[in-house]
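Presented below is the structure to which this report refers.
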Amino acid sequence: MNFLTDGLQFNYDGLIEKSVSIGLQLLLIIIGYFVLRAVGKKLISTSLSKASSKQRISTSRMMTLEKLLINTYGYTLIFLLIVMIFGVFDIQIGPLIAGAGIIGLAIGFGAQGLVSDIVTGFFILLERQIEVGDVITTSGYNGVVEEVGLRTTQVRSFDGTLNFIPNRNINGISNHSRGNMRAMVDIGISYEDDIDHALKVLQDICNTFQQDERFREGPDVIGVQELGASEITLRIIGHTANMEQYGAERDMKKAIKEAFDREGIEIPYPHQVFMQRKEESAKP
326 MNFLTDGLQF NYDGLIEKSV SIGLQLLLII IGYFVLRAVG KKLISTSLSK ASSKQRISTS
386 RMMTLEKLLI NTYGYTLIFL LIVMIFGVFD IQIGPLIAGA GIIGLAIGFG AQGLVSDIVT
446 GFFILLERQI EVGDVITTSG YNGVVEEVGL RTTQVRSFDG TLNFIPNRNI NGISNHSRGN
506 MRAMVDIGIS YEDDIDHALK VLQDICNTFQ QDERFREGPD VIGVQELGAS EITLRIIGHT
566 ANMEQYGAER DMKKAIKEAF DREGIEIPYP HQVFMQRKEE SAKP
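Numbering (this note's numbering), first residue to last: 326 to 609.
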């Protein structure tokens, strides 16, 4: 009886000792994981920053590569973390990998979409079709690229919505952030106004904006663009630095409105005319 009691006590002590040992190992592994993750992210960011300054890599390209490398590094650390945890519990990883290979072969035909995502993402990165910070239109989405990965691309719409687009669904990309952009302003005047006077006022405004550092070329008055039902449309076109066209257009529209008010040039707007017919009372 005492022998059994002693044996049980011995097993109990051994279980406590083993549990403490496993707990300490797990704690050290987890601490090491977080330390390596933080150090690795710092090293990746520092290395890319130095490479960017030496090789003159664009900021958007550096951000794209940084996010991709950090994600890949994170996946690698997670895999190593799982392997080390299995090692703590004396679980052989070899048979699991072999089993995973068999399972992977069985579901391989169902993972064609994932393979297509990775292949498409690889060529998007290789050909530098888009980069972090670019304004793009693709697959019905319009917004700013926040992350380009091997499986998905993240695009934030201008209303703040973050869209996760599988790379295989990206069919044609319109990149609005490459090279100089066109700033175009159409303004309408009434048929009663003097066209030549209005064109001169617009050109004076264009001459002022030609000194604006946002413009790379122009702006200039193109002339009469359209004869509408109630207005004559005049057009101004210039070329601005990347992503500066929207602010330049807003400022030009404000300046045009103020100048037209000073010169007495009317900008037509819809009018509604109400006609009321009064019937004569019947004669007796």
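Just so it is clear, CB atoms sit at the ideal spot from N, CA and C, and this is done for glycine as well.
### Task
Go through the region 528-598 residue by residue and report every complete run of the alpha helix (DSSP H) that reaches 4 residues or more, in order.
You should have 570-588.
### Message
Would the region 494-510 count as touching the region 456-471 if we require 3 or more Cβ pairs under 8 angstroms?
### Response
Between the region 494-510 and the region 456-471 there are three or more C-beta pairs closer than 8 angstroms, enough to call the two in contact.
### Message
Whole angstroms are fine: how far does the CA of residue 374 sit from the CA of residue 393?
### Response
The straight-line gap from Cα to Cα measures roughly 15 angstroms.
### Query
At a cut of 8 angstroms, does the region 535-543 reach the region 462-478 through at least three beta carbon pairs?
Too few Cβ pairs lie closer than 8 angstroms, so no.
### Message
Across the region 566-576 and the region 518-526, are there enough close Cβ pairs to call them in contact, namely three or more that are closer than 8 angstroms?
### Response
Three or more beta-carbon pairs separated by less than 8 angstroms are not found between the region 566-576 and the region 518-526, which leaves the two stretches without contact.
### Query
So residue 482 is in the beta strand (DSSP E); what residue range does that whole segment cover?
If you look at residue 482, you'll find it in the beta strand (DSSP E) that goes 477-482.
### Query
In angstroms, rounded to a whole number, what distance separates the CA positions of residue 431 and residue 491?
In this predicted model, residue 431 has a pLDDT of only 46, less than 50, meaning its place in the structure is not dependable enough to derive any value.
### Query
Which runs of the beta strand (DSSP E) fall wholly inside the region 438-515 and span at least 3 residues, in chain order?
Secondary structure in the region 438-515: the beta strand (DSSP E) runs of 3 residues or longer, each lying completely within the stretch, are 460-463, 466-473, 477-482, 487-491, 498-500, 506-514 in chain order.
### Query
How is residue 402 classed by DSSP in three states: helix, strand or coil?
Helix, per DSSP.
### Message
On a Cα-Cα basis, can you pick out the residue from 514, 446, 496 that is closest to residue 584?
### Response
Ranking 514, 446, 496 by Cα distance to residue 584 puts 514 first.
### Query
Leaving out the 5 sequence neighbours to the left and right, which residues in its chain are closer than 8 angstroms to residue 350 when beta-carbon positions are compared?
Within the same chain, residue 350 has close Cβ partners 413.
### Task
Using a threshold of 9 angstroms, state whether the C-beta atoms of residue 402 and residue 466 are closer than that.
Contact flag unset, no.
#### Entry: residue 363, buried or exposed, once every other Cβ within 10 Å from all chains shown has been counted against 16
Residue 363 should be labelled exposed.
### Message
Going by DSSP in three states, residue 414 sits in which element: helix, strand or coil?
### Response
Residue 414: coil per DSSP, three-state reduction.
### Query
In three-state DSSP terms, what is residue 518?
It is coil, neither helix nor strand.
### Task
Would you decide whether residue 529 is buried or exposed? Buried here means 16 or more other CB atoms lie within 10 Å of its CB.
The Cβ neighbour count for residue 529, taken over all protein chains shown within 10 Å, is under 16; the residue is labelled exposed.
#### Entry: Cβ-based neighbour list, residue 533, same chain, cut-off 8 angstroms, excluding 5 preceding and 5 following
The residues are 580.
### Message
Please report the distance separating the alpha-carbon of residue 445 from that of residue 495.
### Response
Approximately 8 angstroms, taken between the alpha carbons.
### Query
Using the beta-carbon count (16 or more within 10 Å), is residue 468 buried or exposed?
Residue 468 comes out buried.
### Query
Relative to the C-alpha of residue 400, which residue among 474, 592, 577, 493 is closest?
Cα-wise, what sits closest to residue 400 is 474.
### Task
Quick one: using the 10 Å Cβ neighbour count with 16 as the cut-off for buried, is residue 345 buried or exposed?
Classification of residue 345: exposed, given that the 10 Å Cβ count is below 16.
### Query
Sorted by chain position, which residues of the same chain lie with C-beta nearer than 7 angstroms to residue 555's C-beta, five sequence neighbours on each side aside?
These residues qualify, in order along the chain: 593.
### Query
Pick from 559, 482, 505, 387: whose alpha carbon is nearest that of residue 525?
Checking every option, the nearest Cα to that of residue 525 belongs to 559.
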